[in-house]
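Chemist:
Residue numbers (our numbering): 496 to 590.
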């Protein structure tokens, strides 16, 4: 009888982790939408808000403690760059 709760917990834990492994790869359009990629035309207000949102998701807090600026911004930018490399840069094929 004690195995039933343990099995249920294991099943919930595994099902919660499954979406991480099932994540689809990004399309070229998705990769071009990363905030720091070169814009085709003038940068819009919406693009600036999108970039700020991406940086805030990675820990940057605009207007927060000035003693940690610009280190917190640089750390968020580095994390965003690492995410871009992981999502959009394919390793070179070895010959």
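C-beta: ideal position from N, C-alpha, C; glycine also.
Quick one: residues in its chain with C-beta nearer than 8 Å to the C-beta of residue 575, no 5 flanking neighbours on either side, listed in chain order?
Modeler: Numbered from 1 along the chain shown, position 80 holds the residue referred to as residue 575. Cβ neighbours of residue 575 beyond the five flanking positions: 529, 530, 531, 549, 550 and 553.
Chemist: Assign residue 525 to one of three DSSP states: helix, strand, or coil.
Modeler: Taking the chain shown and counting its residues from 1, the one referred to as residue 525 is at position 30. Of the three classes helix, strand and coil, the one that applies to residue 525 here is helix, per DSSP.
Chemist: How big is the Cα-Cα spacing for residue 535 and residue 571?
Modeler: For this step, residue 535 is matched to residue 40 along the chain shown. For this step, residue 571 is matched to residue 76 along the chain shown. Going by the C-alpha atoms only, they are around 24 Å apart.
Chemist: For residue 582, which residues in the same chain have their Cβ closer than 6 Å to its Cβ, ignoring the five residues on either side in sequence?
Modeler: For this step, residue 582 is matched to residue 87 along the chain shown. Taken in chain order, the residues that qualify are 521.
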